[in-house]
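Some notes on the structure that comes next.
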Amino acid sequence: MQRMTTDKPHDHHATGDVRAELEAAERKVASDIDPGARAMFVAIAVLILLATFSLPHAGSANGWEVLSFAPDATTEEIGLPSRLFVGFAVVFAGLGSILALVTRKWALAWVSLAGSAVTIVFGMLAIWSRQTLPVESSAAGPGFGLVIGWFAVMVIVFHWARVVWARTSAQLEAEAELRKVAAQHERPRLMRDDPEA
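Read in this note's numbering, the sequence shown has 162 at position 156, and its numbers run on one by one without any break.
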């Protein structure tokens, strides 16, 4: 009986250590990402996206001119969808992806993914709005910079979705392991506390 009493604190301490280690691992998995080779694909797609802002988005207006309301953009009758696409692309697909790659934080990757997914919709609307200009309009249709930028955002969304999903799966596995270890250590303690079991 004496030996059982001295073993209990030791068992409890060991259980606490295991639980603490698993909880620490779970917290790390929950906050960090490991994009692996996908980091390279995201980085390349971001570079291509930023390069497309120097290419024509409509007529002689490039992406930076669309963003800054330059005279060329006004001449080409650039509408709201194009401005939203370029703005969201810079903030979420560009800067958001760079920050997520540098910090390896899951929250930033998720924000970049969500914002870039919305950017795809604005890109589609931007291209459509350039293809449905009034007959009397002399403005140009969608430029190749706009189309390439739209595809670059799609690539970014695809890879961030895979990274975020993999991190979510790893977190679920860590939570399941924590519950399993907790149940294994809880069962002997309950049997000791209940002599009739």
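The beta-carbon is built from N, C-alpha and C at its ideal position, and this holds for glycine as well. Note that the coordinates shown come from a computational prediction; the quantities given were computed from them, not determined experimentally.
Judged by pairs of C-beta atoms under 8 Å, the region 100-110 does not touch the region 132-140, as fewer than three such pairs exist. P77 sits in a helix when the DSSP states are folded into three classes. Short of 8 Å from the beta carbon of R168, and not among the five residues preceding or following it, lie these beta carbons of its own chain, in chain order: R44. By the Cβ-count criterion, L53 is exposed, with fewer than 16 other Cβ atoms from all chains shown falling within 10 Å of its own Cβ. Residues of the same chain with a CB within less than 7 Å of the CB of T58, apart from the 5 flanking positions on each side, are G69, G151, I154, G155 and A158 in chain order. A64 has A67 and P148 as its beta-bridge partners, per DSSP.
For the pair P148 and A64, the CB atoms are nearer than the 8 Å cut-off. Of the candidates M130, G102, W166 and L56, M130 places its Cα closest to the Cα of G85. The residues V163, W166, A167 and V170, in chain order, have a CB closer than 7 Å to that of L119 in the same chain once the five nearest residues on each side in sequence are set aside. In terms of Cα proximity to A145, the closest of A123, V117, P62 and V92 is P62. Counted as a single uninterrupted DSSP element, the alpha helix (DSSP H) harbouring S88 occupies residues L86 to F94. Nearest to M160 by C-alpha distance, out of D40, S74 and F98, is F98.
Our two residues, V141 and I39, have alpha carbons roughly 50 Å apart in a direct line.
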